[in-house]
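To get my numbering, take the position in the sequence shown, counting from 1, and add 260.
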Amino acid sequence: MIALVDYKAGNTFSVLQAFKRLGEDLVLTDDPQLIKQADKVVFPGVGAASSAMHNLEQRNLIAVLKSLEQPFLGICLGMQLLAQWSEEGDTPMLAIVPVQINRFRNAPKSPHMGWNSLQNMRGPLFRGIEENADFYFVHSYRLGPSEFSIADCNYGDDFTAAVNFKNFYGLQFHPEKSGANGAKLLQNFIDL
């Protein structure tokens, strides 16, 4: 069973539909026990860091998410929430990955919205996806280059497009909106 964490994230429906197209029915839940028992966990996210952290706290999910040992996939804000801190609203995050999130400094305009190519893709999520593949982004804050990066990108500033720390994977882009490359990546996550 794959649990999709329900904390009122904006991209929940599109993530559910992307997995459904791959033949996987996710369980949308904010039940800590169901999340702990899941084989895999998907953590979507769209919106502001402080609101998202407030919603997680209200649902008593912070300790549960930090304790997970199964494969975990954070998407967009779901990736950023894995960090220690975000410049967006000076917000303490889940502190799972020892990194920080900052605003773009040199972007042509913000948010970074649209298709962009990934470089230095590595690890099981990118199996069968060609270097410089395009994925769809919508974000104003970013994780800079990091030792935990498994894919890089540039939008005025270099940034981490995908991260991996232990069992936690995070994607700054939206695989559910990224066509065949996004579907392949989600299938690779299912196959972990």
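Beta carbons: idealized from backbone N, C-alpha and C, even for Gly.
Proximity winner among the options, relative to residue i (alpha-carbon distances)
i, options, result
"ARG319", "LEU342, GLN330 and ILE295", "ILE295"
"VAL359", "GLN340, GLY374 and TRP375", "GLN340"
"ASN380", "PRO368, HIS399, SER400 and VAL423", "VAL423"
"LYS280", "ASP451, ALA421 and ALA443", "ALA443"
"CYS487", "HIS399, PHE425 and ALA343", "The displayed coordinates of the chain run from 261 to 452. Any statement about residue 487 would go beyond what the structure contains."
"ASP350", "GLU284, ASN392, SER311 and ASP266", "SER311"
"GLU436", "PHE419, ALA343, TYR267 and LEU276", "LEU276"
"PHE323", "GLY439, VAL287 and LEU342", "Correcting the residue identity first, residue 323 is Ala in this sequence and not Phe. Selected option, being the one with the closest Cα: LEU342."
"ARG363", "GLU348, LEU354, MET353 and ASN441", "GLU348"
"PRO210", "PRO352, ASP417 and LEU378", "Absent from the structure is residue 210, since the part of the chain shown begins at 261 and ends at 452."
"ASN271", "ALA440, ASN441 and PHE433", "PHE433"
Inter-residue Cα distance where the pair is residue i and residue j
i, j, result
"MET261", "GLN447", "14 Å"
"PRO292", "SER274", "23 Å"
"TYR451", "LEU385", "Residue identity check: residue 451 is Asp in the sequence provided, not Tyr. Answer to the nearest angstrom: the Cα atoms are 9 Å apart."
"PHE425", "ILE389", "21 Å"
"LEU431", "ALA421", "6 Å"
"SER370", "ASN392", "22 Å"
"GLY338", "GLY283", "23 Å"
"SER346", "LEU445", "26 Å"
"ALA440", "ALA278", "11 Å"
"SER438", "LEU378", "12 Å"
Sub-9 Å separation of residue i and residue j beta-carbons
i, j, result
"PHE408", "MET373", "no"
"LEU264", "THR289", "yes"
"LYS300", "PHE428", "no"
"ASN366", "ASP394", "no"
"ILE356", "LEU325", "yes"
"ILE410", "ARG382", "yes"
"GLN330", "ALA308", "no"
N-terminal and C-terminal residue of the beta strand (DSSP E) that residue i is part of
i, result
"LYS437", "Looking at the DSSP string, LYS437 is not in any beta strand (DSSP E), and its letter there is neither H nor E."
"VAL423", "417-425"
"VAL302", "300-303"
"VAL287", "287-289"
"GLN379", "Where GLN379 is concerned, there is no enclosing beta strand (DSSP E), given that its DSSP letter is neither H nor E."
"ASN362", "360-363"
"GLY307", "From DSSP, GLY307 is part of no beta strand (DSSP E); its letter is neither H nor E."
"ARG402", "401-403"
Residue i, enclosing alpha helix (DSSP H) - first and last residue
i, result
"LYS280", "272-281"
"LYS296", "292-297"
"VAL324", "322-327"
"LEU337", "337-340"
Does the count of Cβ pairs from the stretch 308-325 and the stretch 402-419 closer than 8 Å reach three?
As far as the Cβ criterion goes, the stretch 308-325 does not touch the stretch 402-419, which means the pair count is below three.
Examine the Cβ distances between the stretch 296-306 and the stretch 325-338 and report whether three or more of them are shorter than 8 Å.
With a cut-off of 8 Å, the stretch 325-338 and the stretch 296-306 count as touching, because enough Cβ pairs lie within range.
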